[in-house]
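Below you'll find the structure, written out as structure tokens, and then a few comments.
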Amino acid sequence: MKFDLSAIKFYGRRKGKTLHNTRKKLVEEFLPKINIARPNEGDEVNLDEMFNNINAKEYWLEIGFGGGEHLAGQSLKNKDIGIIGCEVFINGVASLLAHLTGCYEDGTKYDGKLEQDRVDNVRVFSEDVRRLLNAIPDGSISKLFVLFPDPWPKKKHANRRMIIEENLDVFSRILKKDGLLRVVSDDRNYVRWSLYQLSKHKDFEWSAKKASDWSKPPKDWVNTRYEQKARREGRKPFYLDYKKIK
Ligand SMILES: C[S@@+](CC[C@H](N)C(=O)[O-])C[C@H]1O[C@@H](n2cnc3c(N)ncnc32)[C@H](O)[C@@H]1O
Numbered sequence: 064m065k066f067d068l069s070a071i072k073f074y075g076r077r078k079g080k081t082l083h084n085t086r087k088k089l090v091e092e093f094l095p096k097i098n099i100a101r102p103n104e105g106d107e108v109n110l111d112e113m114f115n116n117i118n119a120k121e122y123w124l125e126i127g128f129g130g131g132e133h134l135a136g137q138s139l140k141n142k143d144i145g146i147i148g149c150e151v152f153i154n155g156v157a158s159l160l161a162h163l164t165g166c167y168e169d170g171t172k173y174d175g176k177l178e179q180d181r182v183d184n185v186r187v188f189s190e191d192v193r194r195l196l197n198a199i200p201d202g203s204i205s206k207l208f209v210l211f212p213d214p215w216p217k218k219k220h221a222n223r224r225m226i227i228e229e230n231l232d233v234f235s236r237i238l239k240k241d242g243l244l245r246v247v248s249d250d251r252n253y254v255r256w257s258l259y260q261l262s263k264h265k266d267f268e269w270s271a272k273k274a275s276d277w278s279k280p281p282k283d284w285v286n287t288r289y290e291q292k293a294r295r296e297g298r299k300p301f302y303l304d305y306k307k308i309k
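Counting from 1, position 229 in the sequence shown corresponds to residue 292 in the numbering used here; the numbering is continuous, with no gaps.
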């Protein structure tokens, strides 16, 4: 299953506050080192080539990484995994770059390098993920993270949600058999919606066996900014792990 790229429209925010000098520099100078160019229609990306510097054991994908806390945390803990992050919001991309280089504050000296202790195992697609998904080879992704996706609560906007049949078909195509699709949300309606969409999809099986499997963070979890916000505001996240079974 592939998207009709001529028909896709993006509805979220692409820009926020003006980036301070250090973040601007990170976007101008560091992003090009790890950026994935928009693939031409019909092209396939070569993941082995993309991550040949680390001889990656597996490839993971995070969609809508926001400030990049989870992506930065997972990449630090899993140095033999090539991780692709997609995010359209440029301030979020800049925040990820700050995590990767350790240049958080304005005026921090950026020396063109990753933070000490890091390996070069993250690649970024800073456009609508659907422009990249078509180019990802079948069965190449071992873990796919969709964390705190925009809920689009109005019924008339349901087709803007990330967890819809059309996207699940594509997720299924790119995921390996037995691969993981992790959807996390603190929005009860979105959780209900996702459970329903995924229960209808023949390629995914919910891995939860007991309540703590969805009510508690999984063992390999890394906090995200939205998760912290949800907890501060008294909303409990639901952690839904699905296995790609076909
Ligand atoms: C509610 S935020 C959650 C951010 C992050 N995952 C977290 O938990 O902190 C959802 C993010 O998904 C991004 N996003 C939504 N649709 C996207 C798309 N089609 N391609 C890439 N990013 C997308 C948005 O820009 C936004 O930053």
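Heads up, the beta-carbon is just placed ideally off N, CA and C, and yes, glycines get one too.
Should residue i and residue j be called a contact, given that it needs their Cβ atoms to be closer than 8 Å?
i	j	result
Gly131	Leu159	yes
Phe114	Gly145	yes
Val247	Phe301	yes
Trp256	Ser205	no
Asp249	Ala293	yes
Phe267	Leu231	yes
Met64	Arg245	no
Phe128	Gly79	no
Leu210	Ala157	no
Ser138	Val192	no
Cys149	Thr85	no
Gly202	Leu238	yes
Val233	Phe66	yes
Hey, would you say the C-beta of residue i is under 7 Å away from at least one heavy atom of ligand 1?
i	result
Cys149	yes
Arg288	yes
Ile126	yes
Gly136	no
Phe66	no
Pro102	no
Met113	no
Pro281	no
Phe234	no
Arg298	no
Pro216	no
Arg193	yes
Mark residue i as exposed unless 16 or more other C-beta atoms lie within 10 angstroms of its C-beta, in which case mark it buried.
i	result
Gln291	exposed
Ala70	exposed
Ile308	exposed
Pro212	buried
Gly105	exposed
Ala119	buried
His133	buried
Ala274	exposed
Ala310	As shown, the chain starts at 64 and ends at 309. That puts residue 310 outside it, with no answer to give.
Thr81	exposed
Where does residue i sit, in a helix, a strand or coil, going by DSSP?
i	result
Ile97	helix
Arg224	coil
Glu190	coil
Ser203	coil
Glu150	coil
Glu248	The sequence shown places Ser at residue 248, rather than the Glu named in the question. Strand.
Thr301	The residue asked about is misnamed: residue 301 is Phe in this sequence, not Thr. Residue state, collapsed to three classes: strand.
Leu238	strand
Lys306	strand
Trp277	helix
Gly79	coil
Do residue i and ligand 3 come close, with the Cβ less than 7 Å from some heavy atom?
i	result
Arg186	With respect to small molecules bound, the structure shown includes ligand 1 and not ligand 3.
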